[in-house]
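Please read the structure below before turning to the comments.
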Amino acid sequence: MNYKEVQDSETTYTELMIPSYANFGGKVHGGIILSLLDKVAYICASKHSHQYCVTVSVEGVEFKSPVEVGDLVEIKASVNYVGRTTMIVGMRVESFNPRDGIVRHTNSCYFTMAAKDEHGNLTEVPGLKLTTETQVRRFCEGKIIRKLSQEKREILKSDLALAEMKEQCAQERCSITI
Ligand SMILES: CC(C)(COP(=O)(O)OP(=O)(O)OC[C@H]1O[C@@H](n2cnc3c(N)ncnc32)[C@H](O)[C@@H]1OP(=O)(O)O)[C@@H](O)C(=O)NCCC(=O)NCCS
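Numbering (full-length UniProt numbering) for the sequence shown: 1 to 178.
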């Protein structure tokens, strides 16, 4: 099998948060950050696979602090885990305020990207050559993320009877009228 080093596809991307990115509260729209993440995940995954890639799933997106207009947003990305045709790209987002010099960790998340050949078919990606303890840890975390997301999909697919669903909702803030 062909193996590639994590460093070969590591990506750092910086973008200035301009006024047109703002929401009604004057902060940057979450969707702008998501769109940047998707772009950076693509760059990183296509560097590793040398193929066009598509986004399959997104795990763990949460905004820990708002991003301000005028901030410089930096996204660091690496391929943390590879399956046969997919890669988990881990990304860390930091926003830097150039005036006060404060750096805030805004977000960390994982995008699963699939490699497709020129006919649009899934295609095998190179394995990962792990050369540091951090890379091994991230690979193991990626394996867990994949397993948990498969389990989550299975649970959500489960076909509960109405009575069971009503029982599950009993202590929740909803009023079921069927
Ligand atoms: C996601 C997709 C590739 C799965 O295709 P499939 O033929 O059903 O997939 P398979 O069950 O054979 O699995 C193929 C790979 O996808 C992974 N996969 C499938 N569904 C997944 C999910 N929901 N989350 C994470 N990984 C998933 C599998 O684990 C497998 O990975 P591996 O090859 O690395 O082991 C396919 O549905 C697809 O192309 N979706 C559209 C993606 C796209 O266009 N994105 C952009 C949207 S604008």
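Note that the Cβ used here is the ideal one computed from N, Cα and C, for glycine as well.
As the structure is a computational prediction, the values presented were derived from the model and not from experiment.
Just so you know, the alpha carbons of Y52 and I88 end up roughly 15 Å apart. Only residues of its own chain outside the window of five on either side were considered, and among them K76 have a CB closer than 6 Å to the CB of T12, listed in chain order. Residue burial annotation: P126 is buried, with at least 16 other C-beta atoms found within 10 angstroms of its C-beta. Contact between V6 and Q135 holds: CB atoms are separated by about 5 Å, below the 8 Å threshold. Membership of K4 in any alpha helix (DSSP H) is not indicated; the residue belongs instead to the beta strand (DSSP E) covering Y3 to E5.
Rounded to whole angstroms, the gap between the alpha carbons of E124 and E118 is 13 Å. In the structure shown, C169 adopts helical secondary structure according to DSSP, grouped into three states.
Proximity of the stretch 104-112 to the stretch 21-41 meets the contact definition, three or more beta-carbon pairs being nearer than 8 Å.
Distances between the C-beta of R84 and the heavy atoms of ligand 1 include at least one below 7 Å. Residue burial annotation: L37 is buried, with at least 16 other C-beta atoms found within 10 angstroms of its C-beta. Annotated as distal: E74 and I145, with beta-carbon spacing of 8 Å or more. DSSP places K76 in the strand class (E or B) of the three-state scheme. Under the three-state reduction of DSSP, S20 is assigned to helix.
In the DSSP secondary-structure assignment, A114 is bridged to V54 and T86.
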